[in-house]
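Step one of this worksheet: look at the structure below.
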Amino acid sequence: EKVAILLLNLGGPQTTADVEPFLYNLFADPDIIRLPSAIGGLQTALAWLIATRRAPKSRAAYESIGGGSPITMYTMEQGRLLEEALNSGGSGVEYKSYVAMRYWHPFTDEALDKAVADGCTSAVVLPLYPHFSISTTGSSLRALLSEMQASHPQLMASHTVVPSWHDSRGYVNLVARLVAEELDGLMRDVGPLNPGEPPPTVLFSAHGVPVSYIEEAGDPYKGHIEKTVRLVSEQARKLHPHPASYELCFQSRVGPVKWLEPYTDAALEAIGGRGCERIVVVPISFVSEHIETLEEIDIEYREVAEDAGIKHWRRAPALNLDGEFIDELAHQVTSAVNKPVVSSVEA
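Under this note's numbering, the first residue of the sequence shown is numbered 241, with each subsequent residue one higher.
Right, dumping it as structure tokens:
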């Protein structure tokens with residue numbers, strides 16, 4: 241038996257020339273910009289307008305991190321390591337990993353075509369978004385299942401979906417370890433707290449979504465994020481049993497509508513305003529380094545922190561190629577293999 245592992249992720253421009261078409265693909269997705277049905281026909285025109293206007297600033301951001309996003313490289317390597325881990329167990333099943341990006345190459349249809357050409361007869365769909373949202377996992381699943389139903393009915397009839405893994409023990413323990421390591425490093429580098437000095441803050445920065453997704457569409461994303469942060473904080477306190485404040489904020493808002501709060505920049509200003517000079521920022525909803533960690537957090541938000549009086553900054557790495565992360569992905573796949581077919585995009 242040959243099983244395809246379909247790794248769903250956002251995708252990212254490989255060069256600055258890719259930025260504008262990537263942005264168009266992003267904003268043309270009705271799960272990203274939710275227009276009323278009466279004006280849904282304007283989606284394409286609006287996407288081009290937004291992409292054209294945002295492209296110069298986005299290109300500059302990508303230039304600041306080397307000219308392109310590393311997300312595809314990381315995802316490909318995650319898939320290779322996952323494949324190795326799964327195939328080393330002698331289960332009699334051959335696993336093949338395929339990267340299916342939502343907004344840039346390799347797209348979903350490319351991944352499915354390759355899986356079928358390689359002789360895969362069933363599939364495990366594994367979103368690399370730990371937390372379900374209609375704008376991430378939901379959108380990627382809708383695109384995947386539509387393509388699967390139209391072009392690859394054999395996989396449609398024999399697949400299973402991992403909708404989220406935000407509270408999986410392996411994931412929680414891994415993030416907690418990374419947090420504790422950064423706290424240990426911070427205290428080692430800076431030294432003990434001075435008399436009266438506030439303890440360090442661990443700031444979990446998650447990708448935001450519009451509030452309307454939660455309140456009107458019933459998106460479980462906020463609850464998933466909050467549960468992860470609670471579980472990780474509990475475990476990190478055991479690994480680093482010293483005073484620290486644990487807080488959650490949301491980044492990457494776009495447009496005039498209200499998004500989940502507190503916003504990361506406002507949270508940093510508040511932390512500095514109360515005299516806290518030590519911080520560990522944790523990109524909680526990102527499994528790979530990309531523009532929102534390397535540029536938005538490491539450059540933009542670090543400057544906000546410095547302006548707010550935060551003197552000592554550390555940022556926990558994304559999960560990237562950590563061995564524990566690969567083990568967690570393997571656990572999710574093997575747990576899913578014997579489950580019944582799941583075609584729903586609901587969490």
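We put the CB at the ideal spot given by N, CA and C, even for glycine.
These numbers come from a predicted model, not from an experiment.
C-beta atoms of residue i and residue j nearer than 8 Å
| i | j | result |
| --- | --- | --- |
| L321 | A363 | no |
| R518 | P435 | no |
| S375 | V430 | no |
| A576 | V402 | yes |
| G251 | R342 | yes |
| A594 | E536 | Outside the displayed span of the chain (241 to 587) sits residue 594, for which this structure offers no information. |
| L311 | N249 | Looking at the sequence provided, one finds Ile at residue 311 rather than Leu. Yes, the pair counts as a contact, with Cβ atoms nearer than the cut-off. |
| Y264 | A285 | no |
| R555 | D538 | yes |
| H371 | S398 | no |
| R514 | P438 | yes |
| A287 | A268 | yes |
| A325 | D547 | no |
| E564 | G329 | no |
| E509 | V544 | yes |
| H392 | V415 | no |
| G512 | I550 | yes |
| K579 | T468 | no |
Classification of residue i by the beta-carbon crowding that lies within 10 angstroms, buried from 16 upward
| i | result |
| --- | --- |
| K498 | exposed |
| L459 | Looking at the sequence itself, residue 459 is Asp, so the reference to Leu does not match. Counting Cβ neighbours within 10 Å, D459 comes out buried, since at least 16 surround it. |
| A257 | exposed |
| T255 | exposed |
| R293 | exposed |
| K462 | buried |
| Q318 | buried |
| Q389 | exposed |
| G425 | exposed |
| E379 | Looking at the sequence provided, one finds Ser at residue 379 rather than Glu. Buried, because 16 or more other Cβ atoms sit within 10 Å of the Cβ of S379. |
| H406 | buried |
| I279 | exposed |
| A351 | buried |
| R299 | buried |
| H447 | buried |
| L282 | exposed |
| G332 | exposed |
| H464 | buried |
| S386 | exposed |
| S452 | exposed |
| S373 | buried |
| L418 | buried |
| L384 | buried |
| S277 | exposed |
| A275 | Per the sequence shown, the amino acid found at residue 275 is Leu instead of Ala. Exposed, since its Cβ has fewer than 16 Cβ neighbours within 10 Å. |
Presumed contact (8 Å Cβ cut-off) between residue i and residue j, rounded CB distance
| i | j | result |
| --- | --- | --- |
| V520 | L423 | 6 Å |
| D358 | K336 | 6 Å |
| A295 | V339 | At roughly 25 Å, the Cβ-Cβ gap does not stay under 8 Å, so A295 and V339 are not in contact. |
| S445 | T504 | 5 Å |
| Y302 | I531 | 6 Å |
| Q572 | L366 | 6 Å |
| C489 | L443 | 6 Å |
| Q491 | N413 | Rounded, the Cβ-Cβ distance is 24 Å, inconsistent with contact. |
| F262 | P270 | Their Cβ separation, rounded to whole angstroms, is 17 Å, which puts F262 and P270 out of contact at 8 Å. |
| E241 | T361 | 6 Å |
The ligand NAD heavy atom lying under 7 Å from the CB of residue i
| i | result |
| --- | --- |
| E487 | Absence of the ligand NAD is noted for the structure shown, with no ligands found whatsoever. |
Residue i (DSSP reduced to helix, strand or coil)
| i | result |
| --- | --- |
| Q572 | helix |
| I454 | helix |
| E364 | In the sequence under discussion, the amino acid at residue 364 is Val, which differs from the Glu named in the question. Three-state DSSP puts V364 in a strand. |
| V449 | coil |
| S277 | helix |
| N265 | helix |
| D258 | helix |
| H480 | coil |
| E323 | helix |
| F372 | coil |
| A510 | helix |
| R338 | Sequence inspection shows Tyr at residue 338; the Arg mentioned does not correspond to that position. Y338: strand per DSSP, three-state reduction. |
| Y314 | helix |
| V243 | strand |
| I531 | helix |
| N249 | strand |
| V577 | helix |
| F444 | strand |
| R493 | coil |
| W405 | coil |
| L561 | coil |
Can we say the region 497–516 touches the region 474–483, given the rule of at least three CB pairs closer than 8 Å? These segments do not touch.
Cβ contact (3+ pairs, closer than 8 Å) linking the region 556–564 and the region 527–538: Under the Cβ criterion (8 Å, minimum of three pairs), the region 556–564 counts as touching the region 527–538.
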